[in-house]
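For reference, the structure discussed in these notes is given below.
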Amino acid sequence: MLLLERRPVASSVMRWASPLLALVLTVITGFILFMVVGKDPVEGLKFFFITPISDLPGLAELGLKMAPLLLCAAGLTVCYKAKLWNIGAEGHFLMGALGASVMAVQLSAVNGFWVLPVVLLTGVLGGMIWAAIAAGLKTHLHCNEILTTIMLNYIALNLLLYTVHGPLKDPYGFGFPQSAMFSDSALLPVLIEGTRLHLGLAFGLLATVAVWVLFARSFIGFQLNVIGQDHRAAAFAGFRVRKLTWFAFLVGGATAGLAGASEVTGPIGQLVPQVSPGYGYTAIIVVFLGRMHAVGIVAASALLALTFIGGEILQIAMQMPKAVTALFQGLLLFYLLTCDAFIHYRVRLKKAAPQPTSAAVAAAPQEV
Amino acid sequence: MGLCMTAAIRLKLENIVKEYPGCRANDGIDLTVEAGEIHALLGENGAGKSTLMKVIYGVVQPDEGRVVWNGHAVQVDNPAQARRMGIGMVFQHFSLFETLTVAENIALSLPPDEARNRSQLNQRINEVSERYGMELDPRRYISTLSVGERQRVEIVRCLIQETTLLILDEPTSVLTPQEVTSLFATLRTLSKEGCSILFISHKLEEVRSLCHTATVLRQGRVSGDCQPAEISASEIARLMVGDDTPISTRVTAAEPGEPLMEVSGLGWKSKDPFGTSLRNVNLDLHKGEIVGIAGVAGNGQDELLKALSGEIRADAGTICLSGQNIETLFPDQRRKLGVAIVPEERLGRGAVPDMSLADNALLTASGQGLVERGLIRSGRVREFSREVIRRFGVRCTGENSTAGSLSGGNLQKYIIGREALQNPRLLVASHPTWGVDVGSAVAIHESLVKLRDEGAAILLISEDLDELYQLCNRLGALCDGRLSPLAPTSELHIEQLGQWMAGEFESTEVAHAVA
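For the protein sequence lines, the chains are A and B, in the order given.
Position in the first sequence (first residue = 1) + 179 = this note's numbering.
Position in the second sequence (first residue = 1) + 1319 = this note's numbering.
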């Protein structure tokens, strides 16, 4: 019989091997799935994983998709280290995009170096306000942040849809639900000429480094860590759990808000309903796959960015449905969580226990 | 009845082995209990006592070895079977439903037909409790009972099921001295009637006065069998700890200085209906003295500690440190004023299990120049941590080992060292030697006394009366969230302290006021 037995100490090898194992299992499962639906698996996997990064424009597109993932993941890391399960990066992202767009449209007739920073900061503020709602509900009313942030994501989406169908709709847009194009001074500069790769990637990398420094060196990072690992020790030490909770949520809101603002001022240039293909949700996978560590998060965001592009290529080249991106992301998370079980547990074969004589089991208690 | 049975062997364990991942808890243990014998099982924490009890009671199955019950080899699959065979066990932490009555709790462990006839059950409870001198009202709710009374419910529950072997795990740790005396009378009556008793303890004097024989365990093996009445407590202690560990501390007399802390009218209302509220606690502490707070667990010790540390905010009263009211301050602000706390739970409050010892130093010692402008000075953190390890003899592989990998005693030495190195003016320690090996306990006592001699005031909250009498120069007791008056240890008779632990201190308060 197979037994799952707790390891005396958590396996540090498994902690890092688990994401790689999950990736291998995902590829194998993908291989089988391609065969089942009657497509050439080698071709399919090549289109999904190799083709997108085989030339400079492809790599630039990868960087473009990495930018929002890195920003969202950086903020979520701050929350998750403190075991604050903020699932709301998607909502913060959308509110960031919405806030930036409102400001950009307001300033569409204005030129000046300050326009872009103001637009981006409005996006940051939008994300922070959205995160602040969840933070307040948690610290003052003890609402579970998983539920509130998920619900706030839907409210944000509907708010955004209302805005692009209503107040922010481009009057000259032929009735399409989208805002007017932003002026040039509200657009992010492009990093590599001839591609769409913009400054957002630099924001993402900076945020990742900042979060790494926060947890490697700062006392605030240490306190967040203690809150996550041992709530009672944090109370004993006198850490301000409420303030730190607000801090984590606001950082999460700010970075995801900046991601949203960078998306509308970067590759899109206007507010559209489908501004996010689910970056905020995918960033959750990035954080766990990257082991909440800077290097891991960069690698994981590259991989997950690949699933977005690979999915698009498969749609075009092999007529696969759009769901293939979500499928691969889901497989990856599923296998990761499964493999993570082996960090703390190991499989053991149970030998049949020697059977003592049980004839006398029912020996009656003697008279006393 | 009687004579012929006393020679019969009730239980015989042969070469019991039980292995857990990373630890051989029982390593070939033999044990024989005769009918009517009160048999002590002694050993330090982690010696394998609890595992052995679980084997007998069917909670775990041994990997090797035989259990022989009344002459037949048996396999005890689960506690229900053990109860059917006539084995009853009272755990240290009771398994009673607070919201049910005594009779209902007992009915839960009986076969359905016996449980249904409630009037007959009530009568049996009355019979058993009267016969063994354990007063009990079957209709009362558990939540209204004292800890001692709850223990009686557990024992009566075993006796009603015609138990012929009663296992008691550290039964006296939750009792006042008076309650211990009456429990022992009950156990002696049971023994005379032929019921065997396995008495697990680490209190040697109790074992010497009660038990006929004793088996001592050390590191999963039997280190000796003896007749405890015939050898001295220190000889038994030697069997428990081995040859190379000191077993007692010499405590010099304290020389109290000027007043340091004054707690007056401290009150705190628990939000939990079964929790303990603090009521009008008054307490004063001088520099260079150790004041002890006795009491049965759950009478407000944890609440008092939290109110002093700042983890909970009192509803009434003041805590003054050198004349400054610190009641409104957060724990870290109080720490900056020289208040150090050693909580009861080492892991999961005093230290974070998965963090390194260095990081755990940072938990409370961040004010010692270990953090500058929000950044951690990791070199200084490691140095501080190494200093604690060196000065307090913490056995570990270094400051990078995780707190959870240390033994209880070593982690406790580390935590006390961490607080002591911050030069506290006031140290509040709760159960500092609970579950700690004898060698570490001696070291901890020595560091407390050293801190006292350096001029700190120490408040020692403990259930261990020996420890309190040994270290403290004044003593009081907590009962149901109220604190008795404090009296000099030399003038406080243990009977008086027992009454205080049971909450009877009105008369003495008057006497105090008159005097």
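In this text, a Cβ means the ideal position worked out from N, Cα and C, and glycines have one as well.
All values reported here derive from a predicted model rather than from experimental measurement.
Asked, Found
"Given a limit of 7 angstroms on CB to CB distance, which residues of the region 376 to 405 of chain A reach chain B?", "396, 397, 398, 399, 401 and 405"
"Under 7 angstroms between beta-carbons, which chain A residues line up against residue 1505/B? List them in chain order, please.", "What residue 1505/B touches in chain A: nothing, since even the nearest Cβ is about 16 angstroms away."
"Could you tell me how far apart the beta carbons of residue 400/A and residue 265/A are, in whole angstroms, since I believe they sit closer than 8 angstroms?", "Contact flag wrong, Cβ pair sits at about 17 angstroms."
"Counting along the chain, where does the alpha helix (DSSP H) carrying residue 195/A start and finish?", "191 to 215"
"What residues of chain B sit near residue 184/A, judged by a beta carbon separation below 8 angstroms?", "1340"
"Out of 1650/B, 1633/B and 1422/B, point me to the one whose CA is closest to residue 1469/B's CA.", "1422/B"
"How close, in whole Å, do the beta carbons of residue 1680/B and residue 1704/B come, if the pair is a contact with beta carbons under 8 angstroms?", "4 angstroms"
"If we count the other Cβ atoms within 10 Å of its Cβ and call it buried at 16 or more, is residue 509/A buried or exposed?", "exposed"
"Taking the alpha-carbon positions, what's the residue 497/A to residue 459/A distance?", "28 angstroms"
"Measure the C-alpha to C-alpha separation of residue 1645/B and residue 1583/B and round it to an integer number of angstroms.", "12 angstroms"
"Can you tell me which of 1588/B, 1678/B, 1662/B and 1687/B puts its alpha carbon nearest to the alpha carbon of residue 1652/B?", "1687/B"
"On a Cα-Cα basis, can you pick out the residue from 1398/B, 1530/B, 1552/B and 1465/B that is closest to residue 1477/B?", "1398/B"
"My guess is that residue 435/A and residue 275/A are in contact by the Cβ rule of under 8 angstroms, so how many angstroms apart are they, rounded?", "6 angstroms"
"Checking contacts by CB at 8 angstroms: is residue 1408/B closer than that to chain A?", "no"
"Mind pulling the chain B residues with CB within less than 7 angstroms of residue 408/A?", "1671, 1673 and 1674"
"Where do the N-terminal and C-terminal ends of the alpha helix (DSSP H) with residue 1699/B fall, by residue?", "1697 to 1710"
"Within 8 angstroms of any Cβ in chain B, is that where the Cβ of residue 540/A sits?", "For residue 540/A, the predicted structure reports a pLDDT of 39, less than 50, and the residue's modelled location is therefore unreliable. A value from the coordinates is still provided. So yes, residue 540/A belongs to the interface."
"Distance cutoff 8 angstroms, beta carbons only. Does residue 187/A sit that close to anything in chain C?", "Included in the structure are the protein chains A and B, with no chain C among them."
"Which one of 367/A, 235/A, 524/A and 303/A has the shortest CA to CA distance from residue 251/A?", "303/A"
"Residue 426/A: which of 409/A, 214/A, 393/A and 444/A sits nearest, CA to CA?", "393/A"
"Using CA coordinates, which residue listed in 280/A, 203/A and 183/A is at the minimum distance from residue 445/A?", "280/A"
"Can you have a look at residue 1442/B and say buried or exposed, based on whether 16 or more other CB atoms are within 10 angstroms of its CB?", "exposed"
"Looking only at C-alpha atoms, which of 334/A, 237/A, 245/A and 283/A sits nearest to residue 270/A?", "334/A"
"Kindly identify the DSSP beta-bridge partner or partners of residue 1515/B.", "1484/B"
"Residue 1356/B: which of 1532/B, 1475/B and 1746/B sits nearest, CA to CA?", "1532/B"
"How about the region 346 to 358 of chain A and the region 215 to 226 of chain A: do they share at least three Cβ pairs that are nearer than 8 angstroms?", "no"
"By the three-class DSSP mapping on this structure, what secondary structure does residue 1637/B have?", "strand"
"Less than 8 angstroms between CB atoms is the rule here; does residue 1630/B satisfy it with respect to chain A?", "yes"
"What is the DSSP secondary structure of residue 1543/B, counted as helix, strand or coil?", "strand"
"What residue does the beta strand (DSSP E) around residue 1333/B start on, and which one ends it?", "1328 to 1339"
"Is residue 341/A buried or exposed, if buried means 16 or more other CB atoms sit within 10 Å of its CB?", "exposed"
"Within 8 angstroms of any Cβ in chain B, is that where the Cβ of residue 415/A sits?", "yes"
"If we ignore side chains and look at the alpha-carbon of each, how far apart do residue 1628/B and residue 1690/B end up?", "22 angstroms"
"Going along chain A in order, which residues have a C-beta closer than 9 angstroms to the C-beta of residue 1650/B?", "414, 415, 416, 417 and 418"
"Specify the secondary structure class of residue 1776/B as computed by DSSP and reduced to three states.", "strand"
"Would you tell me roughly how many angstroms separate the C-alpha atoms of residue 457/A and residue 415/A, rounded to the nearest one?", "39 angstroms"
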